[in-house]
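Under the numbering used here, the first residue of the sequence shown carries the number 4, and numbering increases by one thereafter.
A virtual CB, placed ideally from N, CA and C, is assigned to each residue, including glycine.
Reviewing the structure listed below.
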Amino acid sequence: MKIGFIGLGRMGSNMVMNLLEHKHKVVGYNRSQGPTRKLVKKKGFTGAYSLKEVVEKLGSGKKVVWLMIPAGKPVDMALKKLTPLLRRGDILIDGGNSFFEDSVRRGKELKKKGINYLDCGTSGGMEGARRGACIMVGGEKKVFKKVEVLFRDMCVKDGFGYMGSQGAGHFVKMVHNGVEYGMMGAINEGFHAIKKHSKKFGTNLKEVAKVYAHGSIIESRLMSWLYGSFMKENYLDQISCEVPHGETEGEMKKLEKMAPMKVLHEARLMRERSRHGTVCGDFVSAMRNQFGGHKVKRR
4 MKIGFIGLGR MGSNMVMNLL EHKHKVVGYN RSQGPTRKLV KKKGFTGAYS LKEVVEKLGS
64 GKKVVWLMIP AGKPVDMALK KLTPLLRRGD ILIDGGNSFF EDSVRRGKEL KKKGINYLDC
124 GTSGGMEGAR RGACIMVGGE KKVFKKVEVL FRDMCVKDGF GYMGSQGAGH FVKMVHNGVE
184 YGMMGAINEG FHAIKKHSKK FGTNLKEVAK VYAHGSIIES RLMSWLYGSF MKENYLDQIS
244 CEVPHGETEG EMKKLEKMAP MKVLHEARLM RERSRHGTVC GDFVSAMRNQ FGGHKVKRR
């Protein structure tokens, strides 16, 4: 399949590489030209240096365009420029962290113009984007079916699915993020408990992370990423207790009002408190940096 791909950052560029390895053809655009130029030598990739050029290079026939850009205004701005370039029956896919109510609104607006819109929550970090992601799709099911091959090729086995009507993909991903907050908060809390008493028992945190990450009930990719942090010499020593503000924190506040999610609430507050020096979130920062390349504060 031929697809336009807008946004070649940490996630986007890895997703494009994944698509190319599955023999899809990609017309890629990034606001800064560096990432596009890095990919132009790859077989099956065509560089574009404007949104208009993306659409033109997709050629005739129905078009599929994937957005992998920051949530909020950047998505609305991109749609404002893209929509006049597209025709009835074309498909737009938002694979970023958009708020589900925005996706519902955008879907309705585009439907009036005959343009199909799928909202896709994407999980798995940079590693997943490159080797096999997890994708949650919302929108019209018949539209989902038309591009299902993309999701199948981009994801691990059983790692994608149709979540329901417009907004469902990003809503399910939002809840996923809430669960993720809670898991990361619990891991951080537990490791600080062990660290506090490590001298008493002579416990090595690196050994704890290794064992937790291999065969334990709490074994997970998060634990594996934390263990990877311990494997990097002096990496954790350089990270401060402060967890930088994340793209999804505003959404998490809204989610807490939609359903009783006390674990999420406490995990979010922990991040906020880390910025005031009342709690240490260094292990959360390490995990975020490992799976998503999120910035960390240095000591």
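Collapsed DSSP secondary structure at residue i in the structure displayed
i    : result
K203 : helix
L11  : coil
P94  : Note that residue 94 is Ile in the sequence shown, not Pro. If DSSP states are grouped into helix, strand and coil, I94 belongs with the strands.
V68  : strand
G50  : strand
Y32  : strand
I221 : coil
K298 : coil
G253 : helix
M39  : Here residue 39 turns out to be Thr, not Met, going by the sequence shown. Helix at T39.
Supposed close pair residue i, residue j - CB separation, criterion 8 angstroms
i    : j    : result
G10  : I72  : 4 angstroms
G128 : F294 : 3 angstroms
V58  : L82  : Not quite, the Cβ-Cβ distance comes to about 13 angstroms (not below 8 angstroms), so this is no contact.
G296 : R13  : 5 angstroms
Residue i, buried or exposed, once every other Cβ within 10 Å from all chains shown has been counted against 16
i    : result
T281 : exposed
Q241 : exposed
T206 : exposed
Q169 : buried
A262 : exposed
I321 : In the structure as shown, the chain begins at 4 and stops at 302. Residue 321 is therefore absent and cannot be evaluated.
A212 : buried
V43  : exposed
H279 : exposed
D122 : buried
M234 : exposed
Extent of the continuous alpha helix (DSSP H) to which residue i belongs
i    : result
D161 : Per DSSP, D161 belongs to no alpha helix (DSSP H); it is in the beta strand (DSSP E), 158–167.
R302 : Per DSSP, R302 belongs to no alpha helix (DSSP H) and is neither H nor E.
V214 : 208–215
V150 : Where V150 is concerned, there is no enclosing alpha helix (DSSP H), given that its DSSP letter is neither H nor E.
P73  : Where P73 is concerned, there is no enclosing alpha helix (DSSP H), given that its DSSP letter is neither H nor E.
K265 : 265–277
Identified DSSP bridge partners for residue i
i    : result
C137 : S126
Y184 : According to DSSP, which records beta bridges pairwise, Y184 is partnered with nothing at all.
N119 : I94
K5   : K28
I242 : R301
Short CB-CB distance (under 9 angstroms) between residue i and chain B
i    : result
H200 : The question asks about chain B, but that chain is absent: this structure has only one protein chain.
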